[in-house]
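> In terms of the numbering used here, the sequence shown opens at residue 6 and continues consecutively. Every residue, glycine too, gets a C-beta built ideally from N, C-alpha and C. If you scroll down you'll find the structure; I have some questions about it.
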Amino acid sequence: MHRLRLLPALVAGFAIGLGCGGAEPVVQRPSEVPRAEAGPRPARARAKARHGPPEERPSAPPTEPVEIDPTEIVFALRGREADVEACRREPRKRGLIQLAWGIDRDGAVEDVEVQRSTVGDPDVERCLVEHVSSLRFNRAAEARTARWTFVFGLEGEPPSKKKKNKAWRSKKRRRSARAERGVAIESSSPGWLEPDAIDSVVQSGYRLYAHCYRDGLARNPRLGGAVRLRFVIGRDGSVQQVRDGGSDLPDPRVIDCVAQTFFALRFPRPERGHVHVLYRRKFHPGLLPRRGEGGNSAGAPPPPSPPADFPPLVTPQRRDRG
Numbered sequence: 006m007h008r009l010r011l012l013p014a015l016v017a018g019f020a021i022g023l024g025c026g027g028a029e030p031v032v033q034r035p036s037e038v039p040r041a042e043a044g045p046r047p048a049r050a051r052a053k054a055r056h057g058p059p060e061e062r063p064s065a066p067p068t069e070p071v072e073i074d075p076t077e078i079v080f081a082l083r084g085r086e087a088d089v090e091a092c093r094r095e096p097r098k099r100g101l102i103q104l105a106w107g108i109d110r111d112g113a114v115e116d117v118e119v120q121r122s123t124v125g126d127p128d129v130e131r132c133l134v135e136h137v138s139s140l141r142f143n144r145a146a147e148a149r150t151a152r153w154t155f156v157f158g159l160e161g162e163p164p165s166k167k168k169k170n171k172a173w174r175s176k177k178r179r180r181s182a183r184a185e186r187g188v189a190i191e192s193s194s195p196g197w198l199e200p201d202a203i204d205s206v207v208q209s210g211y212r213l214y215a216h217c218y219r220d221g222l223a224r225n226p227r228l229g230g231a232v233r234l235r236f237v238i239g240r241d242g243s244v245q246q247v248r249d250g251g252s253d254l255p256d257p258r259v260i261d262c263v264a265q266t267f268f269a270l271r272f273p274r275p276e277r278g279h280v281h282v283l284y285r286r287k288f289h290p291g292l293l294p295r296r297g298e299g300g301n302s303a304g305a306p307p308p309p310s311p312p313a314d315f316p317p318l319v320t321p322q323r324r325d326r327g
C-alpha cells in the first residue's frame, strides 16, 4: 500500500526536476530542413558543387572554302577566248591580271576581285571582272574559291647589252643546250627543286594547256615549234612569275595561253627559297604527247569532256637529294 502511494509523488518530482535543470529541448529552425526531409540532391547539382560551373566549349572555327580544280576554270572559259582578248582593246597593252572569286553551292560566281595587275588599265580589269562574274560552274555540296591569271602579251627577257663576241656566243649555245633538255634549274636560282618533280607537275597539268595548241592548229594546221618559259616557283610551291624564255612557236596567243596555265600549277615546297626554272615544251602537229618525257614533242588531242568533279592535279612529294 505504501509503495502505491509513493509512485505518484515520484512521478511528479521527476517532472519538476526536468523543468528546472534538465537538458534543453531541441528547437528546429524553420530555415533548416533536415537532409532526410529535403530528399537527395540531383546529380547535376552534385557535379556542379564538386567541379563548379560547366565550361563553355569553344565553337569550331569556320572551315576555309576549298579551291576549285583549275581544270574547271579552263572549261568554263572555253568559247570566251575572243571576248577575253577583246578586253585588251589595244594590242600594245601587255601584262597580266590575276583575279580571285568565290563560287556558291549552285555554281554561281560571287565577289570577284583583282589581286594583281601589271596592265595598268582599269577598263581592262573591269572588263575581265564582268566576264568572270558571268561564268557558271558545277554544283557542289560546299562553297568554293577560284583564282586565275590572264596573260596579255607575255613579257620576254630584257634585251642584252653584251657584245656578241665569241665567248658570249659560246655561252648562249651552252644555255640553249641546257634548255633543250626540257627542264633546267637556273644556275643563279637561290632555291632547289628536283627537275623530275617539276617535270611531273607540268606533265600532270597538260590537260590545262592542251587546248592552247589545239586552238593554234585551228588557225594554222601546220603550226609547230617550241614554247620556252622561264618561271619562278615561290616558297609555298606556287608560280610567282612567268616570262618568255625564247619561244620559237610563231603564235603568241598559244604562248600566252600556255603561260597563264603555268600560274595555276602547284609544285612541292622547294628547298632554300625561290626556284628559277627554264622549261621547254615542243609542239608538232599530229604527234601525241608522251607523258613522263618533259620537253618532248606534244600534239593537240582534244581533252575529254569535264566530269562533275575533277581530281586534283598530282603534286609529287619532295625527294631528298641524298
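Valine 247 and phenylalanine 268 look like a contact to me (Cβ under 8 angstroms); what is the Cβ gap, rounded to whole Å?
Sure, about 7 angstroms apart at Cβ, within 8 angstroms.
> Between glycine 230 and the rest of its own chain, which residues show a CB-CB distance below 6 angstroms, the 5 nearest in sequence each way excluded?
Closer than 6 angstroms at Cβ, skipping near neighbours: Asp253, Leu254.
> Using the DSSP secondary-structure output, state which residues sit across from glycine 100 in a beta bridge.
The partner list for glycine 100 (beta bridge, DSSP) reads Phe157.
> Exposed or buried, which one is proline 275 when buried takes at least 16 other CB atoms within 10 Å?
Classification of proline 275: buried, given that the 10 Å Cβ count is 16 or more.
> Report the partner residues of histidine 281 according to the DSSP bridge assignment.
Answer is Val237.
> Since I believe valine 137 is in contact with tryptophan 106 (beta carbons under 8 angstroms), could you give me their beta-carbon distance rounded to a whole number of angstroms?
Right, their Cβ atoms sit about 6 angstroms apart.
> Alpha carbon to alpha carbon, how far is valine 188 from aspartate 204?
Whole-angstrom Cα-Cα distance: 7 angstroms.
> With the cut-off set at 8 angstroms, would you say aspartate 261 and leucine 159 are in Cβ contact?
Result yes, Cβ atoms of aspartate 261 and leucine 159 sit closer than 8 angstroms.
> Helix, strand or coil for arginine 121? Go by DSSP, reduced to three states.
If DSSP states are grouped into helix, strand and coil, arginine 121 belongs with the strands.
> Count the C-beta pairs between the stretch 79-86 and the stretch 116-133 that are closer than 8 angstroms, then say yes if the count reaches three, no if not.
Too few Cβ pairs lie closer than 8 angstroms, so no.
> Does the stretch 105-124 come close enough to the stretch 209-225 to have 3 or more Cβ pairs within less than 8 angstroms?
Output reads no: the stretch 209-225 does not touch the stretch 105-124.
> Please check the pair leucine 228 and aspartate 256, which I expect to be a contact at CB under 8 angstroms, by giving their CB distance rounded to whole angstroms.
Their Cβ separation, rounded to whole angstroms, is 6 angstroms, which keeps leucine 228 and aspartate 256 in contact under 8 angstroms.
> Glutamate 77: buried (16+ other C-beta within 10 angstroms of its C-beta) or exposed?
The residue is buried, with at least 16 neighbouring Cβ atoms inside 10 Å.
> How would you write the range of the alpha helix (DSSP H) that aspartate 220 sits in, first residue to last?
It spans 211-224 - the alpha helix (DSSP H) in which aspartate 220 sits, taken as one unbroken run.
> Sort out for me which residues DSSP pairs glutamine 245 with in a bridge.
Beta-bridge pairing links glutamine 245 to no other residue.
> So, is glycine 250 buried or exposed, given that buried needs 16 or more other C-beta atoms within 10 angstroms?
Buried: at least 16 other Cβ atoms inside 10 Å.
> Going by alpha carbons, who is nearest to leucine 104 out of Pro200, Ala146, Ala151?
Checking every option, the nearest Cα to that of leucine 104 belongs to Ala151.
> Run through DSSP, which three-state label would alanine 148 get?
It is coil, neither helix nor strand.
> Tell me the rounded alpha-carbon separation between serine 193 and arginine 219.
Each residue's Cα considered, the two are about 35 angstroms apart.
> Sort out for me which residues DSSP pairs arginine 271 with in a bridge.
According to DSSP, arginine 271 bridges with Ser243.
> If you reduce the DSSP assignment to three classes, tell me which class isoleucine 260 lands in.
It is helical.
> Could you give the distance in angstroms between the alpha-carbon of phenylalanine 288 and the alpha-carbon of alanine 215?
Cα to Cα, the separation comes out at about 10 angstroms.
> Give me the Cβ distance between alanine 264 and valine 129, rounded to the nearest whole Å; I'm assuming they're in contact under 8 angstroms.
Alanine 264 to valine 129, Cβ: 17 angstroms. No contact.
> Does proline 195 pass the burial test, meaning 16 or more other C-beta atoms within 10 Å, or should it be called exposed?
Per the 10 Å Cβ criterion, exposed.
> Mark arginine 141 as exposed unless 16 or more other C-beta atoms lie within 10 angstroms of its C-beta, in which case mark it buried.
By the neighbour-count rule (16 or more Cβ atoms within 10 Å), arginine 141 is not buried but exposed.
> If I measure Cβ to Cβ from glutamate 191 and keep anything under 8 angstroms in the same chain, skipping five residues before and after, which residues do I get?
Same-chain partners within the cutoff: Arg235, His281, Val282, Leu283.
> Determine the burial state of aspartate 74: buried for a count of at least 16 other Cβ atoms within 10 Å of its Cβ, exposed for fewer.
It counts as buried.
> What does the alpha-carbon distance come out to for the pair arginine 258 and glutamate 90?
Those two C-alpha atoms are separated by around 9 angstroms.
> Is it buried or exposed for arginine 93, if we count other Cβ within 10 angstroms and need 16 for buried?
With 16 or more other Cβ atoms within 10 Å, it is buried.
> DSSP state of phenylalanine 80, grouped into three classes?
Here phenylalanine 80 sits in helix by DSSP.
> Put glutamate 95 into one of helix, strand or coil per three-state DSSP.
Glutamate 95: coil per DSSP, three-state reduction.
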